[in-house]
Structure formats: structure tokens, C-alpha cells
């Protein structure tokens, strides 16, 4: 069990640029989640996949954000036209479908800084 | 809507003393409750969860949590604190009757400092 991995761990970008983050869940975990965490706050839910289907999206996920999980394995989160307010830690979690509630296991996160 | 409150931003406790980190929740139905711990520059690590039944839940690293439905609380406890327990602790809730919603709602976190 190698755990959830995320790449890159850190990303610095200029306002207006596009960025893409990758998440590799624990193998055989069919559920995948994205959260955003800002300084001094707990993680806030962004979106959830079961296999390749995106089943839930938060109102936080504006039109500039898009997430995919094309083959039901890894996932990508893209932010277009980044803004300074997008600076945050982006956390990915995965879980295995089973008797509820699933336990979500988190990756180390990608820290985004928008200059 | 579901929400979590962690009323203490910081808790200080001497090594060897018992520790408590407080959490209260609000859901429309019955809750699933979780505790996670976050070390600097690392993701969240799962400690324990409450599903149903016994109000005292035992988890990793000697931690336990007590569910109290009447007080809508789920406080994290440990009988004897270690310096290595110093970290940021998050309580989270998910409504059992969430109609398929799997999102967790987290509190703002409580920073635990164990003083040698």
C-alpha cells in the first residue's frame, strides 16, 4: 500500500496561467475526492468521483476548475486563468466502496501559490 | 446542511497528562464522525471514526473519541499525551442521510501542543 500520491507537491504560477495537478489514489480504491485547504481552515470539499464518473461537485468548483478521472484510476484537477484567491493546498483523497462510511485516505497535497 | 465547530484554536497540555480536543457537529440526520491529524507539510492522517453503536471509539496511536448525541459532540481524548502528538487535529462529519453525498465537512482545526 503506497498511499495516495500527488504531483507536484508545490506549484508557483503567475496570475492568469493554467495549472494542472495529478492525484494517484490507493490502488483498487474506486472513489476519489478533491478538497481545498486554505491557511487556518479545514479542508473544503470540491468534487468526488466514483470510478470515472464525477458524481458530486461543490459550488466552490467554479467554471475555471475542471476535474477528470478518465480511466477510473488517476485524476487531474485543472485550474484555468488562475487568480490569487486560488492559492491554497489542494488535497486528494481516495476510498474503497464498502459498508458506509468509507474512510477517506488523503495524499500529501499540492501547494499552489499564485503570484 | 452539515457543520463542525472546534471551539479551541489551540490546546496546550503537559506531556503525560490526559488531553481532550473538542468537537461539536450539526447535521439534519444522524452523523458519521471522523478525526484526522495533520503534521506540518503533510496530508491528513485518519485516526478514528464513529459509525453507530458504542459511544466510545478507539483509534490509532492510543486516541479515542466519545460520541454524545444529546450534546452533539465528538471529543477526541488520550489518557497520556506524548510530545509527538503535537499536530493539527481536524474533526469531520458526514450526514448518514446525505442522499448519496460523500463529502466530509471539516472543522477549522485545533492545534495541539504537548509541552515536555
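Protein chains in written order, with my numbering: chain Z, -10 to 104; chain V, 303 to 418.
Note that CB positions come from ideal geometry on N, CA and C, so glycine has one too.
query                                                                                                                         : result
Chain-ordered chain Z contacts of residue 348 of chain V [CB-CB under 7 Å]                                                    : 92, 94
CA-to-CA distance, residue 319 of chain V to residue 26 of chain Z, given in whole angstroms                                  : 31 Å
Cα-Cα separation, residue 57 of chain Z to residue 382 of chain V                                                             : 44 Å
CB contact below 7 Å: residue 37 of chain Z versus chain V                                                                    : yes
Exposure label - residue 3 of chain Z; buried when at least 16 CB within 10 Å                                                 : exposed
Residues of the segment 385 to 410 of chain V with Cβ closer than 8 Å to any Cβ of chain Z, in chain order                    : 392, 394, 396, 398, 402, 403, 404, 405, 406, 407, 408, 409, 410
Exposed unless 16 or more other CB atoms sit within 10 angstroms - verdict on residue 323 of chain V                          : buried
Below-7 Å beta-carbon distance, residue 87 of chain Z vs any chain V residue                                                  : no
Span separating the alpha-carbon of residue -8 of chain Z from that of residue 19 of chain Z                                  : 14 Å
Proximal chain V residues relative to residue -3 of chain Z, where beta-carbon distance stays under 8 Å                       : Per Cβ cutoff of 8 Å: no residues; residue -3 of chain Z is ~14 Å from chain V at best.
Three-pair Cβ contact test at 8 Å for the segment 41 to 48 of chain Z versus the segment 307 to 316 of chain V                : no
Contact set between the segment 1 to 20 of chain Z and chain V, restricted to residues whose Cβ is under 9 Å from the partner : 20
Chain-ordered chain V contacts of residue 61 of chain Z [CB-CB under 9 Å]                                                     : Those within 9 Å of residue 61 of chain Z in chain V number zero; the least Cβ separation is about 16 Å.
Beta-bridge partners of residue 325 of chain V, as assigned by DSSP                                                           : Paired residues: none, contrary to the question.
Any C-beta of chain Z under 7 Å from that of residue 331 of chain V                                                           : no
The segment 9 to 17 of chain Z touching the segment 47 to 64 of chain Z, judged by at least three CB pairs closer than 8 Å    : yes
Start-to-end residues for the beta strand (DSSP E) that takes in residue 84 of chain Z                                        : 77 to 84
Cβ shell of residue 17 of chain Z (< 7 Å), same chain only, five flanking positions each side left out                        : 85
Proximity test, Cβ basis, 7 Å: residue 345 of chain V and chain Z                                                             : yes
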